[in-house]
Amino acid sequence: MNETLFYVAAAPFEAACRVENALGQSPLSAAHPARRLHGHSFLAKVRAIGASSVEALRQQLAHSVAPLDYNDLNQFLPMPTDENLARWIRARLALPSVASVGVQSTLHQGADLDLADNAHIWRRFRFEAAHRLPNVAPGHQCGRMHGHGFEVILHANQNLQAQDMGVDFDRLAAVWQPLHDQLHHHCLNDIPGLDNPTSETLAAWLWERLKPELDALSWVSVYETVTAGCHYDGQHYRIWKDQRFESALTLSRADPADSVRRLHGHSYLLRLHLTAPLDTVMGWTVDYGDVKTQFKPIYQQLDHHNLNDLTGLDEPDPASLARWIRTQAAAGLPQLDRIDLYETPGCGVVLSWGEHEPGLPV
Ligand SMILES: Nc1nc2c(c(=O)[nH]1)N=C([C@H](O)[C@H](O)COP(=O)(O)OP(=O)(O)OP(=O)(O)O)CN2
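In this note's numbering, the protein residues as written are 2 to 363.
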């Protein structure tokens with residue numbers, strides 16, 4: 002399977018806007034609050050195939066959004082939807098290697114656009130519920146009644162066809178609301194169809210109910226905990242498990258003037274993605290706990306260590322480190338097909354070699 006390496010970077014900016022043009026026209030309803038002057042802590046994101054370094058890409062993105070910071074977006078673009086902002090930043094970045102540019106206006110919603118204006122619109126929701134997994138082995142922690150603050154992301158994919166806006170975030174909220182009412186402050190095991198409420202079962206249950214309401218729905222993501230969850234697209238289950246490690250490094254091949262040649266460190270975030278068919282008895286693909294167990298020997302080499310001491314890794318730049326992790330994890334985690342490795346929040350690499358949707362941006 003071909004491997005794709007994306008460099009990813011993020012840059013924040015604070016800005017005011019009004020989602021209507023100078024003529025008072027807007028894709029939003031007349032009473033929509035976003036038509037009033039308001040502000041957001043925006044986050045711009047870029048994903049590029051090839052960059053001299055993650056930091057270079059971050060600096061290019063930060064430079065591109067700098068004029069927008071503490072400014073009025075309507076002075077820069079007539080209709081400052083997240084989609085148009087992504088287009089504006091993409092044009093200013095002018096990097097041939099860019100795969101997508103995203104803008105999120107809040108922590109809970111955003112739009113990512115590729116070069117052909119294929120848009121990925123997403124919005125995050127949350128509900129609080131109890132559950133237990135009835136088929137796990139005796140003593141497994143998830144067999145006990147417990148609960149989570151579950152988070153769900155609804156993803157919609159469409160080509161924008163030059164429109165200012167794709168699927169309205171409010172539309173995502175509207176289709177979500179009846180499901181929130183069924184799930185929030187309930188025990189999932191009591192809900193028909195959720196007698197074995199794994200992340201996988203829940204993602205498929207949500208998909209079946211939402212897809213007829215929203216044709217553009219492309220994925221449903223269920224965050225069972227802050228470190229683990231499942232994406233489902235009507236056919237494929239893709240789970241992830243996050244690991245954090247604290248490591249020191251020097252990058253001896255960097256430019257002589259670059260401070261990363263000095264001994265420094267990062268709090269890394271590693272997201273392991275696995276694709277596997279559903280085990281219909283367990284209701285899951287691979288137990289998150291097993292992912293953690295299989296990864297433990299690798300984790301122990303990474304966490305609170307100097308990455309320059311790792312055997313078989315010449316230089317611990319994020320791309321080389323992600324490839325090293327892929328090699329080390331292959332035997333224990335054969336279902337692994339993507340690794341996201343962030344050195345700093347939003348900045349790192351995505352290494353993908355799976356068959357299905359390597360580009361899912363979140
Ligand atoms: N593939 C799945 N594996 C597991 C599921 C699931 O739904 N699908 N569910 C569970 C448990 O319900 C559990 O609550 C979550 O598991 P885990 O990530 O192991 O939880 P931790 O609190 O131990 O997470 P850490 O952040 O690693 O401490 C189990 N597996």
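Don't be surprised by glycine CBs; every beta carbon is placed ideally from N, CA and C.
Worksheet item: CB P179 to CB N190, shorter than 8 Å?
Response: Contact: no.
Worksheet item: Can you tell which of A332, D196 and L303 has the C-alpha that lies nearest to the C-alpha of E344?
Response: In terms of CA proximity to E344, L303 leads the group A332, D196 and L303.
Item to complete: Tell me whether S200 counts as near ligand 1, meaning its Cβ is closer than 7 Å to at least one heavy atom of that ligand.
Response: Yes; taking the cut-off as 7 Å, the Cβ of S200 has a heavy atom of ligand 1 nearer than that.
Worksheet item: What is the rounded straight-line gap between the Cα of A10 and the Cα of I340?
Response: Here the C-alpha atom of A10 lies approximately 15 Å from the C-alpha atom of I340.
Worksheet item: If you compare alpha carbons, which of H274, S248, R254 and D256 is closest to H265?
Response: Looking at H274, S248, R254 and D256, the one whose alpha-carbon comes closest to that of H265 is S248.
Worksheet item: According to the neighbour-count rule (16 or more other Cβ atoms, all chains shown, within 10 Å of its Cβ), is P346 buried or exposed?
Response: Counting Cβ neighbours within 10 Å, P346 comes out exposed, since fewer than 16 surround it.
Fill in: Bridge-paired residues (DSSP) for H147
DSSP lists H132 as partners of H147.
Worksheet item: Among residues of its own chain, excluding the 5 on either side of A205, which ones have a beta-carbon nearer than 6 Å to its beta-carbon?
Response: Cβ within range, chain order: Y233.
Discussion item. Does the beta-carbon of K46, which I'm using as the reference point, lie nearer than 7 Å to any heavy atom of ligand 1?
Written reply: False, no ligand heavy atom lies under 7 Å from that Cβ.
Fill in: Beta-carbon spacing of L211, R245 below 8 Å
Not closer than 8 Å, so no.
Worksheet item: Quick one: does the C-beta of V221 sit closer than 7 Å to a heavy atom of ligand 1?
Response: Because no heavy atom of ligand 1 lies under 7 Å away, the Cβ of V221 does not count as near it: no.
Discussion item. From the DSSP secondary-structure annotation, give me the bridge partner or partners of K46.
Written reply: A11 and G103.
Discussion item. Tell me the DSSP secondary structure of V282 in three-state form.
Written reply: Coil at V282, not helix or strand.
Worksheet item: Short check: CB of L96 to CB of A57, under 8 Å?
Response: Against a cut-off of 8 Å, the Cβ pair of A57 and L96 comes out as no contact.
Discussion item. Give me, in chain order, the residues of the same chain whose beta-carbon lies closer than 6 Å to that of L334; leave out the 5 immediate sequence neighbours on both sides.
Written reply: The residues are Q295.
Fill in: Other residues of its chain near L24: CB distance less than 7 Å, five sequence neighbours each side excluded
Excluding sequence neighbours, L24 sits near nothing in its chain.
Discussion item. Assuming Y269 is part of the beta strand (DSSP E), what are its boundary residues?
Written reply: Boundaries of the beta strand (DSSP E) harbouring Y269: H265 to T276, taken from the DSSP string.
Practice prompt. Could you name the residues that DSSP lists as bridge partners for H33?
Written response: For H33, which the question treats as bridged, DSSP gives no partner whatsoever.
Fill in: Contact under 8 Å by Cβ, R133 with M146
Taking 8 Å as the Cβ cut-off, R133 and M146 qualify as a contacting pair.
Item to complete: Go ahead and label P250 buried or exposed: buried means 16 or more other beta carbons lie within 10 angstroms of its beta carbon, across all protein chains shown.
Response: One detail in the question is off: residue 250 reads as Leu in this sequence, not Pro. Counting every other CB atom within 10 Å of its CB across the protein chains shown gives L250 a total of 16 or more, marking it as buried.
Worksheet item: Looking at E209 and R254, is the spacing between their C-beta atoms short of 8 Å?
Response: Not in contact: R254 and E209 (Cβ atoms no closer than 8 Å).
Practice prompt. Answer with buried or exposed for E214, where buried requires no fewer than 16 other C-beta atoms within 10 angstroms of its C-beta.
Written response: Counting C-beta atoms within 10 angstroms of its own C-beta, E214 has fewer than 16 neighbours from the protein chains shown and is therefore classed as exposed.
Worksheet item: For the segment 62-74 against the segment 83-95, are there 3 or more C-beta pairs whose distance is under 8 Å?
Response: Between the segment 62-74 and the segment 83-95 there are three or more C-beta pairs closer than 8 Å, enough to call the two in contact.
Worksheet entry | Y289 CB to nearest heavy atom of ligand 1 below 7 Å | True, at least one ligand heavy atom lies under 7 Å from that Cβ.
Worksheet item: Can V20 and T82 be called in contact, C-beta distance under 8 Å?
Response: Yes, the Cβ-Cβ distance between V20 and T82 is below 8 Å.
Worksheet item: Relative to ligand 1, is the shortest distance from any of its heavy atoms to the C-beta of L24 smaller than 7 Å?
Response: Checking every heavy atom of ligand 1 against the Cβ of L24, none is found closer than 7 Å.
Worksheet entry | Cβ shell of D243 (< 6 Å), same chain only, five flanking positions each side left out | Around D243: T228 and R272.
Discussion item. Just to confirm my understanding: we take S106, look at its own chain, exclude 5 residues before and 5 after, and list those with CB closer than 7 Å. What are they?
Written reply: A distance below 7 Å between beta-carbons, with the five flanking residues on each side excluded, links S106 to the following residues of its chain, in chain order: H41, F43 and D83.
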